[in-house]
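Asks: Numbering (my numbering), first residue to last: 1373 to 1660.
1) Under the DSSP definition of a beta bridge, which residues are partnered with residue 1437?
2) Hey, could you find the ends of the beta strand (DSSP E) residue 1602 is sitting in?
3) Could you name the residues of the same chain whose beta carbon sits closer than 8 Å to that of residue 1605, not counting the 5 residues immediately before and after it, in chain order?
4) Closest to residue 1517 by CA distance: which of 1459, 1483, 1504, 1534 is it?
5) Decide if residue 1533 is buried, meaning its Cβ has at least 16 other Cβ atoms within 10 Å, or exposed.
6) Assign residue 1626 to one of two classes, buried (16 or more other C-beta atoms within 10 Å of its C-beta) or exposed (fewer than that).
7) What span of residues does the beta strand (DSSP E) with residue 1552 cover, start to end?
8) At 3 residues or longer, and completely inside the stretch 1458 to 1508: list those beta strand (DSSP E) runs for me, N to C.
9) Check the DSSP bridge columns for residue 1510 and list the partner residues they point to.
10) Report the option in 1573, 1549, 1583 whose CA atom is closest to the CA atom of residue 1565.
11) If you count every other CB in all the chains shown that lies within 10 Å of the CB of residue 1444, and 16 or more means buried, which is it?
12) So residue 1457 packs on residue 1505, CB below 8 Å; how close in whole Å?
13) How is the beta strand (DSSP E) around residue 1621 delimited, first residue to last?
14) Mind checking which residues open and close the beta strand (DSSP E) that includes residue 1659?
15) Since residue 1557 contacts residue 1527 with CB under 8 Å, what's their CB separation in whole angstroms?
16) How long is the line joining the alpha carbons of residue 1428 and residue 1446, rounded to whole angstroms?
17) Are the beta-carbon atoms of residue 1629 and residue 1653 separated by less than 7 Å?
18) Assuming residue 1646 and residue 1631 are in contact, meaning their beta carbons sit under 8 Å apart, how far apart are those beta carbons, in whole angstroms?
19) Under 8 Å by Cβ, that's how I've got residue 1494 and residue 1520 pegged, so tell me the actual separation to the nearest angstrom.
20) In whole angstroms, what is the alpha-carbon distance linking residue 1572 and residue 1513?
21) Compare the C-alpha of residue 1327 against each of 1450, 1489, 1476 and name the closest.
22) If you count every other CB in all the chains shown that lies within 10 Å of the CB of residue 1641, and 16 or more means buried, which is it?
23) For a quick check, are the C-beta atoms of residue 1523 and residue 1462 less than 7 Å apart?
24) Does DSSP put residue 1579 in a helix, a strand or coil?
25) In this structure, what does DSSP give as the bridge partners for residue 1521?
26) To which residues does DSSP link residue 1445 through a beta bridge?
27) So which of 1431, 1468, 1510 has the shortest CA-CA distance to residue 1574?
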């Protein structure tokens, strides 16, 4: 059983839109790549006479996010169709903890990781921008900043990894593995206690409006099917450590997102919901 995993960097860049046709195409391409790429590797590994083996492990995980945010924007569905009409940026600078269970077999490994945010955390400054001038659509009409509280949030990842370094006759210290899997993330955030600046007309000074208490209750779910490559190097005994291993991963995936925006300061109950599709690139670097 292992108890240390220190992520050095975890980056994700997503592009979401309403092009559902392109989304289905992305899933098709991903499926074809998996079907076409992995079986030959399995057959090659079997021909090498790999002995049957299985090793199970459970790791405690701790992950910190910094200079991080998730954003949500939408356009005007009627003329003049400015896009974005509104953009919200939610900070997610936070600490997460959880567990990863993994089974290592002769030809592949499979694992599941579950993380949750640590207690209620202040995650940074929320920013809200609106472009509500239909005469001059590109003019900023409202800008707001508040503190943000990250409520209990969750991350789930399941993947299958197939090492191919031995098949490619790479040195023992190197790890090269195709990976395919699924990610789910739910973020629950509440901006609170801030200030909104209204720009009623071009050239006039803004009007500052204090916003005490909770302003928005926001939930974002996204689901991602991904395909990528893991690259690692084992330094062995180094700097007084019994073992030091560097791991990295780069992957691409089809992504589906759901956003629910509850405007708590509106006189009437107002909830904005939106579903989007697109693609995302993800890169990570860790020392284990």
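From the three backbone atoms N, C-alpha and C, an ideal C-beta is built for every residue, glycine too.
Treat the numbers as computed from the prediction; the structure is a model and nothing was measured.
Replies: In terms of the structure at hand:
1) In the chain shown, counting from the first residue as 1, residue 1437 sits at position 65. BP columns for residue 1437 point to 1466.
2) If you number the chain shown from 1, residue 1602 lands on position 230. Note, residue 1602: beta strand (DSSP E), 1588 to 1610.
3) The count along the chain shown starts at 1 and reaches residue 1605 at position 233. Result list for residue 1605: 1545, 1546, 1547, 1617, 1618, in chain order.
4) Here the question's residue 1517 lines up with position 145 in the chain shown. Among 1459, 1483, 1504, 1534, the Cα nearest to that of residue 1517 belongs to 1459.
5) Your numbering for residue 1533 matches position 161 in the chain shown. By the 10 Å Cβ count, residue 1533 comes out buried.
6) Start at 1 with the first residue of the chain shown, and residue 1626 comes out as number 254. The residue in question, residue 1626, is buried, as its Cβ has 16 or more Cβ neighbours within 10 Å.
7) On the chain shown, residue 1552 is found 180 positions in, with the first residue counted as 1. Residues 1546 to 1570.
8) 1458 to 1463, 1466 to 1477, 1481 to 1489, 1493 to 1502
9) Along the chain shown, one-based indexing puts residue 1510 at 138. DSSP lists no partner for residue 1510.
10) Numbered from 1 along the chain shown, position 193 holds the residue referred to as residue 1565. Out of 1573, 1549, 1583, 1583 has the C-alpha closest to the C-alpha of residue 1565.
11) Your numbering for residue 1444 matches position 72 in the chain shown. Classification for residue 1444: buried.
12) Translated into positions along the chain shown, residue 1457 becomes position 85. Translated into positions along the chain shown, residue 1505 becomes position 133. With 8 Å as the limit, residue 1457 and residue 1505 do not qualify as a contact, their Cβ atoms being about 11 Å apart.
13) The residue given as residue 1621 occupies position 249 in the chain shown. Residue 1621 -> beta strand (DSSP E) spans 1613 to 1635.
14) Taking the first residue of the chain shown as 1, we reach residue 1659 at position 287. Note, residue 1659: beta strand (DSSP E), 1642 to 1659.
15) Looking up residue 1557 in the chain shown gives position 185. Looking up residue 1527 in the chain shown gives position 155. About 5 Å; that satisfies the 8 Å criterion.
16) The residue given as residue 1428 occupies position 56 in the chain shown. The residue given as residue 1446 occupies position 74 in the chain shown. Near 45 Å, if we compare the C-alpha coordinates of residue 1446 and residue 1428.
17) Here residue 1629 is taken as the residue at index 257 of the chain shown, counted from 1. Here residue 1653 is taken as the residue at index 281 of the chain shown, counted from 1. Their beta carbons are not under 7 Å apart, which means residue 1629 does not touch residue 1653 by this criterion.
18) Along the chain shown, one-based indexing puts residue 1646 at 274. Along the chain shown, one-based indexing puts residue 1631 at 259. Sure, about 5 Å apart at Cβ, within 8 Å.
19) Numbered from its first residue, the chain shown carries residue 1494 at position 122. Numbered from its first residue, the chain shown carries residue 1520 at position 148. The Cβ separation is near 7 Å, so the contact holds.
20) Taking the chain shown and counting its residues from 1, the one referred to as residue 1572 is at position 200. Taking the chain shown and counting its residues from 1, the one referred to as residue 1513 is at position 141. Each residue's alpha carbon lies about 7 Å from the other.
21) Examination of residue 1327 is not possible in this model, given that the chain is present from 1373 through 1660 alone.
22) In the chain shown, residue 1641 corresponds to position 269, counting from 1. Classification for residue 1641: exposed.
23) On the chain shown, residue 1523 is found 151 positions in, with the first residue counted as 1. On the chain shown, residue 1462 is found 90 positions in, with the first residue counted as 1. Residue 1523 is not a Cβ neighbour of residue 1462, given a cutoff of 7 Å.
24) Position 207 of the chain shown, counted from the first residue, corresponds to residue 1579. Reduced to three states, the DSSP call for residue 1579 is strand.
25) Position 149 of the chain shown, counted from the first residue, corresponds to residue 1521. Paired residue(s): 1494, 1562.
26) Translated into the one-based positions of the chain shown, residue 1445 becomes position 73. In DSSP, residue 1445 forms a bridge with 1459.
27) Within the chain shown, the letter at position 202 stands for residue 1574. Looking at the Cα atoms, 1510 is the closest of the given residues.
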